[in-house]
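Numbering (this note's numbering), first residue to last: 7 to 229.
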Ligand SMILES: [Zn+2]
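#1: By DSSP, does residue 159 sit in helix, in strand, or in coil?
#2: Taking only the alpha-carbon atoms, compute the straight-line gap between residue 9 and residue 215 and give it to the nearest angstrom.
#3: Which class does residue 240 belong to by DSSP, given the choice of helix, strand or coil?
#4: In the DSSP assignment, the beta strand (DSSP E) including residue 21 goes from what residue to what residue?
#5: Using a strict less-than 5 Å threshold between each residue's beta carbon and the heavy atoms of ligand 1, what residues do you get?
#6: Can the beta-carbon of residue 173 be found closer than 8 Å to that of residue 109?
#7: For a minimum of 4 consecutive residues, which ranges assigned as the alpha helix (DSSP H) are wholly contained in the segment 25-90?
#8: Counting only the same chain and skipping the five closest in sequence on each side, list residues whose C-beta sits under 7 Å from that of residue 202.
#9: Are the segment 116-131 and the segment 152-172 touching by the rule of at least three beta carbon pairs closer than 8 Å?
#10: Please state whether the Cβ-Cβ distance between residue 25 and residue 41 is less than 8 Å.
#11: Do you know how far the Cα of residue 19 is from the Cα of residue 33?
#12: From residue 115 to residue 198, what does the alpha carbon distance come to, in whole angstroms?
#13: Using only the alpha-carbon positions, how far apart do residue 160 and residue 192 sit?
#14: Hey, residue 189 and residue 54: beta-carbon distance below 8 Å or not?
#15: Is the CB-CB distance between residue 86 and residue 22 below 8 Å?
#16: Could you work out which residue in 200, 103, 107 is closest to residue 163 when comparing CA atoms only?
#17: Within 10 angstroms of the Cβ of residue 51, are there 16 or more other Cβ atoms? Answer buried if so, exposed if not.
#18: Identify whether residue 172 lies in helix, strand or coil by the three-state DSSP scheme.
#19: Specify, as a first and last residue, the run of the alpha helix (DSSP H) that residue 131 falls within.
#20: When you compare only the Cα positions, how much space is there between residue 71 and residue 90?
This is the structure:
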C-alpha cells in the first residue's frame, strides 16, 4: 500500500474544462451553461488532487477560450483554442488527461454520467470502466456503458497518455441539470473523479507488479 502512494506521489493529472469564453458548450434546460459547470467541477477536482499530492495542470482556470492573439473569426478561434489545448496536453506526456463535459440529448429522460475513451493507450479501457462504476454509485439507476471514441474527437485522437472524457450528466434532463447546478453535487462529482483516479493508479501499480512477477517466472521456467 505504501508503495502505491509513493509511486504516484508526483503523478500529473491534466484537467481540461471544456469550452469557455465564446464557446458555451450546451445550455441546460434550466439555463445553466456547460462551460461554467465544467470549470467548477475541474476546479473542485484540481483542489482535491492538489490536497492529495498530485501535480495538476489546467487548460483553463477561467471562463476563457485559449486561442492565440490576433486570430479572428469564431471558427478560427475554436481551431486555435483546440491546438493550444493539445500543445498543453502533449507537453506533459507522463500524465493522465481528464476532460470534463456535460451531455445533452433531444429526449429529456436520458440521464447519468458516461465515460468515453480511445484505444490510443492500453490503460484507457480500464480507466473508463473504473470511473463508470463509480458514477453508477453516485447516480442510482445510471446503467450507461463506456463508449469508444476512436477517430472521434481531435484532442483524444492525438493524445497518447491515459485519457478519459467524462460526460458528468445530461443537461437536457431536469434532475441531472438541477444536480449539476448545485455546488454540493458538483463537489461530489469531483470527489467521484478523484476516487476513480486513485483506484486507477493503484490498479496500475498492481498490474505492473504482476507483469514483473510474470516475467521473472517465465525466466525461471526457461532455465
Ligand atoms: Zn461539451
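Backbone N, C-alpha and C define an ideal beta-carbon position, used for all residues, glycine too.
The short version:
#1: Here the question's residue 159 lines up with position 153 in the chain shown. Assigned with DSSP and collapsed to three states, residue 159 falls in coil, not helix or strand.
#2: Here residue 9 is taken as the residue at index 3 of the chain shown, counted from 1. Here residue 215 is taken as the residue at index 209 of the chain shown, counted from 1. Its pLDDT being 32, under 50, residue 9 is placed unreliably in this model, and the coordinates cannot settle the point.
#3: What is shown of the chain runs 7 to 229, which leaves residue 240 out entirely.
#4: On the chain shown, residue 21 is found 15 positions in, with the first residue counted as 1. First-last of the beta strand (DSSP E) with residue 21: 18-23.
#5: Spelled out in chain order, the answer is 24, 31, 107.
#6: The count along the chain shown starts at 1 and reaches residue 173 at position 167. The count along the chain shown starts at 1 and reaches residue 109 at position 103. Against a cut-off of 8 Å, the Cβ pair of residue 109 and residue 173 comes out as a contact.
#7: 40-57
#8: Looking up residue 202 in the chain shown gives position 196. If we look at residue 202 and ignore the five residues flanking it on each side, its Cβ neighbours are 136, 137, 140.
#9: Segments in contact, yes.
#10: As a first step, residue 25 must be located in the chain shown, where it is residue number 19. As a first step, residue 41 must be located in the chain shown, where it is residue number 35. Yes, the pair counts as a contact, with Cβ atoms nearer than the cut-off.
#11: The residue given as residue 33 occupies position 27 in the chain shown. The residue given as residue 19 occupies position 13 in the chain shown. Using only the alpha carbons, I get a separation of about 27 Å.
#12: Taking the chain shown and counting its residues from 1, one reaches residue 115 at position 109. Taking the chain shown and counting its residues from 1, one reaches residue 198 at position 192. Roughly 23 Å between the two C-alpha positions.
#13: Taking the chain shown and counting its residues from 1, one reaches residue 160 at position 154. Taking the chain shown and counting its residues from 1, one reaches residue 192 at position 186. If you take the alpha carbons of residue 160 and residue 192, they lie about 27 Å apart.
#14: If you number the chain shown from 1, residue 189 lands on position 183. If you number the chain shown from 1, residue 54 lands on position 48. No, the Cβ-Cβ distance between residue 189 and residue 54 is not below 8 Å.
#15: In the chain shown, the residue the question calls residue 86 occupies position 80. In the chain shown, the residue the question calls residue 22 occupies position 16. No, the Cβ-Cβ distance between residue 86 and residue 22 is not below 8 Å.
#16: Indexing the chain shown from 1 puts residue 163 at position 157. Minimum Cα distance to residue 163 is reached at 103.
#17: For the purposes of this step, residue 51 is identified with residue 45 of the chain shown, where counting begins at 1. When all chains shown are included, residue 51 counts as buried.
#18: Residue numbering aside, residue 172 sits at position 166 when the chain shown is read from its first letter. Looking at residue 172 - three-state DSSP - the assignment turns out to be strand.
#19: One-based indexing of the chain shown puts residue 131 at position 125. Per DSSP, residue 131 belongs to the alpha helix (DSSP H) from 130-144.
#20: Translated into the one-based positions of the chain shown, residue 71 becomes position 65. Translated into the one-based positions of the chain shown, residue 90 becomes position 84. So the two alpha carbons sit approximately 10 Å from each other.
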